[in-house]
Amino acid sequence: MNLSDLEKLLALDAEHVWHPYAAAPAVVAPYLVESASGTRLKLADGRELIDGMSSWWAAIHGYNHPVLNQAVTDQLASMAHVMFGGLTHEPAILLAKKLVDLTPDRLTRVFFCDSGSVSVEVAIKMAIQYWLSLGQAAKNKLLTIRHGYHGDTFGAMSVCDPVAGMHHLFGDLVNGQFFVEAPAPSGGNERQLVEMERMLAENNGRIAVVILEPMVQGAGGMRFYPPDFLKKVRVLCDQYQVLLIADEIATGFGRTGRMFACEHAAVTPDIMCVGKALTGGYLSFAATMTTEEVCRTISTKGPKMLMHGPTYMANPLACSVALASLGLLAQFPLARRIGEIELLLRQGLEKCRELAPVKDVRVLGAIGVIETHAPVDQQKIQECVMAQGVWLRPFNNLIYTMPPFIISDQEIVMITEAINFSLS
Ligand SMILES: *Cc1c(COP(=O)(O)O)cnc(C)c1O
Numbered sequence: 034m035n036l037s038d039l040e041k042l043l044a045l046d047a048e049h050v051w052h053p054y055a056a057a058p059a060v061v062a063p064y065l066v067e068s069a070s071g072t073r074l075k076l077a078d079g080r081e082l083i084d085g086m087s088s089w090w091a092a093i094h095g096y097n098h099p100v101l102n103q104a105v106t107d108q109l110a111s112m113a114h115v116m117f118g119g120l121t122h123e124p125a126i127l128l129a130k131k132l133v134d135l136t137p138d139r140l141t142r143v144f145f146c147d148s149g150s151v152s153v154e155v156a157i158k159m160a161i162q163y164w165l166s167l168g169q170a171a172k173n174k175l176l177t178i179r180h181g182y183h184g185d186t187f188g189a190m191s192v193c194d195p196v197a198g199m200h201h202l203f204g205d206l207v208n209g210q211f212f213v214e215a216p217a218p219s220g221g222n223e224r225q226l227v228e229m230e231r232m233l234a235e236n237n238g239r240i241a242v243v244i245l246e247p248m249v250q251g252a253g254g255m256r257f258y259p260p261d262f263l264k265k266v267r268v269l270c271d272q273y274q275v276l277l278i279a280d281e282i283a284t285g286f287g288r289t290g291r292m293f294a295c296e297h298a299a300v301t302p303d304i305m306c307v308g309k310a311l312t313g314g315y316l317s318f319a320a321t322m323t324t325e326e327v328c329r330t331i332s333t334k335g336p337k338m339l340m341h342g343p344t345y346m347a348n349p350l351a352c353s354v355a356l357a358s359l360g361l362l363a364q365f366p367l368a369r370r371i372g373e374i375e376l377l378l379r380q381g382l383e384k385c386r387e388l389a390p391v392k393d394v395r396v397l398g399a400i401g402v403i404e405t406h407a408p409v410d411q412q413k414i415q416e417c418v419m420a421q422g423v424w425l426r427p428f429n430n431l432i433y434t435m436p437p438f439i440i441s442d443q444e445i446v447m448i449t450e451a452i453n454f455s456l457s
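With the numbering used here as the guide, the letters of the sequence shown map in order to residues 34 to 457.
Right under this line is the structure:
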């Protein structure tokens, strides 16, 4: 792109566009991307960057993938979209079946949503409507752990970390849920479990559901915790008769080395949210899955229906590309390759541990995290890694990477070296 076109576009962006979690115009102008292919983003100024972010966990097979492109093109030739009320179609039916086969056994019912946040709203509605259908109208609160992230709509926000999610800005719309201290990565989480049990016991008539991200707390702080904690939460949920929602929107489809993070603990939630990598990064799409028990209860008592129905529900283009992405994933040597990526990330990032700004280094599957003592200078770090040919988006005290699964060994080394250099 020539320089004057680029400048014109960026001026229009600054004048009219609002970017995520930003003032408008943004304090630092965004970089214009012209195209993306494989692991590479091509900027309009001619630079090419290795994508260390997978466009926020989503583009697991890389960009401009011939199989995914073909799936969208083929679907386009028959229909781009039809309403889902009273109508159905093959891509939605086949995708539902595939998701049921892939996920833990008891999850047999699929509700399609247009984004991850919406799938969390639907999960919350399922939990509340379940108890309502059983005559327990007071059971309509949620319990969660601190440092979580579940999306940007109000129900989801209400269970995001109260500090990171700036609950003080939104008053009654987000207040009133139950929070337990987040589990620590190294185990020894008895205190948190005791606190959770006490809250569940004292407020049993009010709590409908426990919601958490299994194994990895993503945007709320990039924290990991051991499978044992998840196992014990499942036991507590059964003991105190509350449902369990696993938000697998970030962790689902292989990111932690297992298809779903719940598998590390052999836990089956009552409700599970999937999104992000579901379409391989092609389209905004998600699903809320639940058990026959929850579905039947909602479907046969009270209003006898789930009160939700997005306009673009089960969009055929999204279903088709999701099916194609799951097909690619089925051929991918998940455990082996994610294990290798984990090892390379660990070898590369452990070298940063001794650097003065670094507080902690942690790696799980294809997720590598550096936590710093003080908030990082986002612009400075970003420009520094970009000068090394790498795209990352640090925030607060975190510099982290979750690269596409197709990344090469050499590209992983380039990412970890760029991080190391930016902190030295
Ligand atoms: C990204 C994310 C969401 C929200 O998904 P959107 O598609 O951005 O609405 C919810 N939960 C988790 C764990 C996420 O990482």
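A virtual CB, placed ideally from N, CA and C, is assigned to each residue, including glycine.
Helix, strand or coil at V249 [DSSP, three-state] = Here V249 carries a strand assignment [DSSP, helix/strand/coil].
Any heavy atom of ligand 1 nearer than 7 Å to the CB - residues listed = A Cβ closer than 7 Å to some heavy atom of ligand 1 marks a residue here, and those residues are W89, W90, S148, G149, S150, V151, V153, Y182, H183, G184, D185, A189, E246, G251, A252, D280, I282, A283, C306, G308, K309, S317, A319.
Looking at the structure shown, is L76 part of a helix, part of a strand, or coil, going by DSSP?
-> Strand, per DSSP.
DSSP beta-bridge partners for E223?
-> Beta-bridge annotation (DSSP): E223 is not paired with any residue.
Pick from M435, N429, T301: whose alpha carbon is nearest that of L135?
-> Closest by alpha carbon: T301.
Of all the options S68, I161, T405, I126, which has the alpha carbon lying nearest to the alpha carbon of G335?
-> Among S68, I161, T405, I126, the Cα nearest to that of G335 is on I161.
Could you check the C-alpha separation between A113 and S332 for me, to the nearest Å?
-> Taking the straight line from one Cα to the other gives about 30 Å.
Which of helix, strand or coil does DSSP assign to L316?
-> Three-state DSSP puts L316 in coil, outside helix and strand.
Please name the residue in Q411, I374, V213, A357 whose C-alpha comes closest to that of A55.
-> It is Q411 whose Cα lies nearest to the Cα of A55.
Let me know if T284 comes out buried or exposed under the rule of 16 or more other beta-carbons within 10 Å of its beta-carbon.
-> Result: buried.
Output yes or no for whether 8 Å exceeds the beta carbon distance between M86 and R370.
-> Against a cut-off of 8 Å, the Cβ pair of R370 and M86 comes out as no contact.
Hey, out of Q443, G422, K413, I448, whose CA is closest to T434's CA?
-> Cα-wise, what sits closest to T434 is I448.
By Cβ distance, which residues of its chain are closer than 7 Å to Y315, with the 5 residues on each side in sequence left out?
-> Answer for Y315: L101, V105, V354, listed in chain order.
The alpha helix (DSSP H) enclosing A189, as first and last residue numbers | Annotation: the continuous alpha helix (DSSP H) that includes A189 extends over 187-190.
For S191, which residues of its own chain have a beta-carbon under 6 Å away from its beta-carbon, when the five flanking residues on both sides are left out?
-> Within its own chain, the residues whose Cβ lies closer than 6 Å to the Cβ of S191, once the five positions on either side in sequence are excluded, are V207, Q210, listed in chain order.
Grab me the residues of K158's own chain with a C-beta within less than 7 Å of its C-beta, minus the 5 sequence neighbours each way, in chain order.
-> L339, M340, H341.
CB contact flag (A451, Q421, <8 Å) | In contact: A451 and Q421 (Cβ atoms closer than 8 Å).
Leaving out five residues before and five after V418 in sequence, what residues of the same chain have Cβ atoms less than 7 Å from its Cβ?
-> Shown here for V418: same chain residues with a beta carbon closer than 7 Å to its own, the five before and five after excluded, namely L425, A451, I452, S455 in chain order.
Hey, V446 and L350 are a contact pair by Cβ (cut 8 Å); roughly how many whole angstroms apart?
-> Not confirmed; about 36 Å, so no contact.
Just the C-alpha distance for P53 and A62, rounded to the nearest angstrom, thanks.
-> Spanning the two alpha carbons is a distance of roughly 12 Å.
Check whether the Cβ atoms of Q176 and G287 lie closer than 8 Å to each other.
-> The question names Gln, but residue 176 is Leu in the sequence shown. Between L176 and G287, the CB-CB gap reaches or exceeds 8 Å.
N-terminal and C-terminal residue of the alpha helix (DSSP H) that S463 is part of | Any answer about residue 463 is impossible in this case: the structure gives the chain only from 34 up to 457.
Can you check DSSP and say which residues form a bridge with V391?
-> According to DSSP, V391 bridges with T405.
Could you tell me if V402 is buried or exposed, where buried requires 16 or more neighbouring beta carbons within 10 angstroms of its beta carbon?
-> V402 should be labelled buried.
Nearest-angstrom Cα distance between N237 and P195?
-> One alpha carbon belongs to N237, the other to P195, and they sit about 22 Å apart.
Can you check the segment 295-348 for any beta strand (DSSP E) of at least 3 residues that lies completely inside it and give the ranges in chain order?
-> Runs of the beta strand (DSSP E) spanning 3 or more residues and lying entirely within the segment 295-348 occur at 304-307, 319-324, in chain order.
For N35, is the classification buried or exposed, using 16 other Cβ atoms within 10 angstroms of its Cβ as the cut-off for buried?
-> When all chains shown are included, N35 counts as exposed.
Where does L176 fall in DSSP's three states?
-> Strand at L176.
Cβ-Cβ distance between L65 and L82 below 8 Å = Contact: no.
Would you check if the distance between the CB atom of G181 and the CB atom of S150 is smaller than 8 Å?
-> The Cβ-Cβ distance between G181 and S150 does not fall below 8 Å.
What are the partner residues of A279, as DSSP defines its beta bridges?
-> Beta-bridge pairing links A279 to L245, M305.
Going by alpha carbons, who is nearest to P437 out of C270, T289, M232, T321?
-> When the alpha-carbon of P437 is set against those of C270, T289, M232, T321, the nearest one is in T289.
Please report the Cβ distance between W164 and K172, rounded to the nearest whole angstrom; I am assuming they are in contact, meaning their Cβ atoms lie under 8 Å.
-> Confirmed, about 4 Å.
How far does the beta strand (DSSP E) with C270 in it reach, from first residue to last?
-> Here C270 belongs to no beta strand (DSSP E); instead the alpha helix (DSSP H) covers 260-272.
Option in G313, T186, K337, L431 with minimal Cα separation from L359 = Nearest option by C-alpha distance: G313.
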